[in-house]
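If you're matching positions, the sequence shown starts at 0 in numbering that gives the first Met the number 0 and goes up one per residue.
A short worksheet on the structure shown next.
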Amino acid sequence: MAVVPTISTINIQTQPVNLSEQCRIYFMDMKAHQLYAMDGQTLFTCNYCKKTFPNQELLQDHMKFHTDGPHACDLCDKTFTRKDKLAAHLMMHSGEKPHPCAQCPKSFARKDKLSAHMFTHTGEHPFTCEHCGKGFAWKDKLIKHVRVHTGEKPYACSYCSKAFAQNDKLVTHLRIHTGERPFVCKHCGKGFARNDKLTTHIRLHTGERPFVCPTCGKGFIQKDKLTTHMFTHTGNYPFTCAHCNKGHEFKELDKVEMFKEAN
Numbered sequence: 000m001a002v003v004p005t006i007s008t009i010n011i012q013t014q015p016v017n018l019s020e021q022c023r024i025y026f027m028d029m030k031a032h033q034l035y036a037m038d039g040q041t042l043f044t045c046n047y048c049k050k051t052f053p054n055q056e057l058l059q060d061h062m063k064f065h066t067d068g069p070h071a072c073d074l075c076d077k078t079f080t081r082k083d084k085l086a087a088h089l090m091m092h093s094g095e096k097p098h099p100c101a102q103c104p105k106s107f108a109r110k111d112k113l114s115a116h117m118f119t120h121t122g123e124h125p126f127t128c129e130h131c132g133k134g135f136a137w138k139d140k141l142i143k144h145v146r147v148h149t150g151e152k153p154y155a156c157s158y159c160s161k162a163f164a165q166n167d168k169l170v171t172h173l174r175i176h177t178g179e180r181p182f183v184c185k186h187c188g189k190g191f192a193r194n195d196k197l198t199t200h201i202r203l204h205t206g207e208r209p210f211v212c213p214t215c216g217k218g219f220i221q222k223d224k225l226t227t228h229m230f231t232h233t234g235n236y237p238f239t240c241a242h243c244n245k246g247h248e249f250k251e252l253d254k255v256e257m258f259k260e261a262n
């Protein structure tokens, strides 16, 4: 553990004394003296994150967040320096989302994710891309987005030649090589490499169909399934057979159609 910074040496008296005309704080003993900063100055700084505190006890409590680990996840290879971060991470495996949005049906595993989501309702996006003007609720999202413009892919796979702009994309990709399936369905035990895939799968058990067609009312477990379904109403298929002009949802079906006509 890093050595906690100590207060600078000052003249200490055993009797109560007015230490500053500016703050007018009186101290009865050495301990009381050390618990406070002088003249309104913050003297206790965290060596890890540079956050400052008005007294040493608060700093020592804060230091536990950096040094009381590591806390290892039993379901994957991730470790965390803080127990609360591990607890939040475990919700990704279980699918638990205890932080619901008050304005829509969405829920989140982490409170900060809910806070970021709320910007979708308020329209606030304080971080703006200088390349395209797109706004983001969080600075780290902007940093990741900028790599779309720069082409930077700093996260390289150690098994193959692929590289990724985002670390979480690399982590997900690595599971193709390792076979790891850390997101497990509590209903049937089936494992998934991605949490969103688990969320979709659980709807097969619960019967939830959150994506509803505005034309006929049919519900779907995935948004892309609803998008595909809408073609049946609009007739605006994205792919058209070059021989018969028949529309299809997927490009592969055009190839099937061409094969049928050729034979």
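Don't be surprised by glycine CBs; every beta carbon is placed ideally from N, CA and C.
This structure is a prediction, so every number in the text was calculated from the model and none was measured.
Runs of the alpha helix (DSSP H) spanning 4 or more residues and lying entirely within the segment 191-237 occur at 194-205 and 222-233, in chain order. When the five nearest sequence neighbours on each side are left out, the beta carbons in the same chain lying within less than 6 Å of the beta carbon of Leu85 are those of His70 and Phe79, in order along the chain.
Counting along the chain, Asp111 sits inside the alpha helix (DSSP H) bounded by residues Lys110 to Thr121.
Nearest to Asp73 by C-alpha distance, out of Glu56, Ser93, Leu58 and Leu57, is Ser93. Between Arg208 and Gly216, the C-beta spacing is not below 8 Å. Just so you know, the alpha carbons of Phe107 and His172 end up roughly 23 Å apart. Using a 10 angstroms sphere on the CB of Pro181, the tally of other CB atoms reaches 16 or more, which defines it as buried. DSSP, read as helix, strand or coil, puts Ala71 in strand. A straight line joining the alpha-carbon of Leu197 with that of Phe191 spans about 6 Å.
Per DSSP, the unbroken alpha helix (DSSP H) holding Ala87 starts and ends at Lys82 to Ser93. The beta-carbon distance between His148 and Gly134, rounded to whole angstroms, is 15 Å. This is too long to meet the 8 Å contact definition. DSSP places His98 in the strand class (E or B) of the three-state scheme. 8 Å or more divides the Cβ of Cys100 from the Cβ of His88. Going by C-alpha positions, Cys103 is about 18 Å away from Ala136. About 24 Å separates the beta carbons of Ile175 and Arg202, which is beyond the 8 Å limit, so they are not a contact pair. Going by C-alpha positions, Val211 is about 52 Å away from Gln59. A straight-line Cα-Cα distance of about 30 Å links Lys77 and Phe52. The beta-bridge partner set that DSSP reports for Gly134 consists of Thr127. One thing to note: Cys131 has its Cβ no nearer than 8 Å to the Cβ of Leu141.
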